[in-house]
Amino acid sequence: MILAIIASAPASAQSRWISGWTFVPTTTMGPATPPSPPNPNDIRGPLGPDTVTDQTLTQTLRVTASGSALRLRLSNRYGATPVVLGAVTVSLSDGRSLPVTFDGRSGVSIPAGAPRLSDPVMVPVKALDDVRVSIFYPEETSLPSHRLRQVVSAGNTTPRPLPNDSAPARFGVLLQGIDVQTDSSTSVIVAFGDSITEGVSATPGGPGGWPERLASRLWGTSDRWSVVNAGIGGNRLLRRGSGPSGLERLDPDALAVPGARCLIVLEGINDIGRPMQAAYAHEPITAEDLIAGYRQVIARSDASGIKVVFATIMPFEGAPYFSENGEAIRQQVNTWIRTAGEADGFIDFDRATRDPDRPTSLLAVYDSGDRLHPSDAGYAAMAEAIPLGVCD
């Protein structure tokens, strides 16, 4: 009863909800970002099954905002049938495990195509805290194909802490976000892009990709910004492939993020490279095509009152889909990003990660091994290249 009273406590008149963590659902991942499957540089862990039944999935997530309460954003956006959640809990770094309710109930059915917000969980959280979310699926449930590392256990284990040595696998995710209730002026930066934004090849359990490292840098100086990650491996700006195109998913995955005030966009390398693969040979693009897409991002973001910062596209010589024509397009697009002045700013990831002796390639220490995705050192260099006031 006490927990129910606390969970239903009214919000402060000055408080608001902002995103402290985000993940993007997709319809299908499609063909993998090069190198084609299996990707030897993808160290995120083994794949779990596509469905779960009478099982609990637990994921550990790092929030990038501080506040007095949290709530969960779940999504069955691409589901063809309702999804039943039998129980949900959140566990904090101090060992507490708290029930999550939906209109006061422990379980919920999420209709096909619909999102669902939980009730507030009135527990303080701090930026860069780890939050563990456990969801029990009592019925056979088909999970989305965009996956995160999670621990699976038989039955409903939501009330009980998992052993520290539990081995994760990658499962689909219905959890789309963790919102934090705050009285501060903190706003949200949305990192929007493909696998290089999602953080493919970043060591699991480490500091993360460039968005996560940027969040750590920012919180070391002020509470001005939360940073959330809206990257999808293999994503393209202009066309579908690995999920909806960037232009198609811009509104739900970026502009609609609670508290969003700035968008950092690193997208275009798959638009450039994919036409070199047989499955996409009929979809060539030009630099003008990409620039027109960027202008749409600017126009739609401006209409939502959200700043846009573009990042230059990084070197990719040696990647399986590299071509001289693709390199020429990359150079033209990067010149536009640096000189056009149409966005609110730019970040030069190209300059930060390229080999000065061969600027069409990543510096060896920044290369994960596939000549496309950064290593941990590469992600660190990217985060350090971002001016902390770029979104101010």
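Here UniProt numbering is used: the first residue of the sequence shown is 1, the next is one more, and so on. Glycine included, C-beta positions come from ideal geometry on N, C-alpha and C.
What do you reckon, are the CB atoms on Gly193 and Asn235 nearer than 8 Å? yes
Please state whether DSSP places Pro31 in a helix, a strand or coil. Note on Pro31: pLDDT 39, under 50, position unreliable in the model; the coordinate value appears next. DSSP places Pro31 in coil when its eight states are reduced to three.
Would you say Thr157 and Thr51 are within 8 Å of each other, going by their C-beta atoms? no
Assigned exposure category for Asp376 - 16 Cβ within 10 Å defines buried: buried
For Ser118, which three-state DSSP category applies? coil
Whole angstroms are fine: how far does the CA of Ala260 sit from the CA of Pro275? 33 Å
Coil, strand or helix - Gln332 by DSSP: helix
In terms of DSSP beta bridges, what is Val180 paired with? Ile18 and Leu70
Is residue 393 helix, strand or coil when you go by DSSP? This structure does not reach residue 393, given that the chain is present from 1 up to 392, and the question cannot be answered.
Can you give me the start and stop residues for the alpha helix (DSSP H) that residue 459 sits inside? Any property of residue 459 remains undetermined from this structure, which presents the chain solely from 1 to 392.
Measuring alpha carbon to alpha carbon, tell me which of Pro159, Glu139 and Leu85 ends up nearest Ile110. Leu85
Local conformation of Ala340 per DSSP, three classes: coil
Contained alpha helix (DSSP H) runs [length at least 4] in the stretch 196-230, N- to C-terminal order: 210-219
Using a Cβ distance threshold of 8 Å, determine whether the stretch 193-202 contacts the stretch 222-241, with at least three qualifying pairs required. yes
For Pro320 and Arg371, I'd like the C-alpha separation in whole angstroms. 9 Å
Is it a yes or a no for the stretch 261-272 touching the stretch 306-313, going by three-plus beta-carbon pairs under 8 Å? yes
Nonlocal neighbours in the same chain, by C-beta distance under 7 Å from Ala112, ignoring five residues either side: Asn76, Gly79, Ala80, Thr81 and Pro82
Short Cβ contact (8 Å threshold) for Leu148 with Arg170: yes
How do the stretch 245-257 and the stretch 356-372 stand: do at least 3 beta-carbon pairs fall below 8 Å, yes or no? no
Count the C-beta pairs between the stretch 57-67 and the stretch 127-134 that are closer than 8 Å, then say yes if the count reaches three, no if not. yes
Could you tell me whether the stretch 92-111 touches the stretch 19-26, where touching means 3 or more Cβ pairs closer than 8 Å? no
Measure from the alpha carbon of Thr221 to the alpha carbon of each residue in Ile298, Thr186, Val190 and Arg239, then state which is nearest. Thr186
Within the continuous beta strand (DSSP E) that includes Asp130, where are the two ends? Asp130 to Tyr137
With a 10 Å radius around its C-beta and 16 neighbouring C-beta atoms as the bar for buried, classify Pro34 as buried or exposed. A caution first: Pro34 carries a pLDDT of 38, below 50, which makes its placement in the model unreliable, though a value can still be read off. Per the 10 Å Cβ criterion, buried.
Mind checking which residues open and close the beta strand (DSSP E) that includes residue 433? The question about residue 433 has no answer, for the chain in this structure spans 1 to 392.
Through-space distance from Arg160 to Gly268, alpha-carbon basis: 44 Å
Determine, using beta carbons only, whether residue 396 and Thr58 come nearer to each other than 8 Å. No answer is possible for residue 396: it lies beyond the span of the chain, which begins at 1 and ends at 392.
Three or more C-beta pairs closer than 8 Å, one from the stretch 287-296 and one from the stretch 317-334: is that the case here? yes
Secondary structure at Ala380, three-state DSSP: helix, strand or coil? helix
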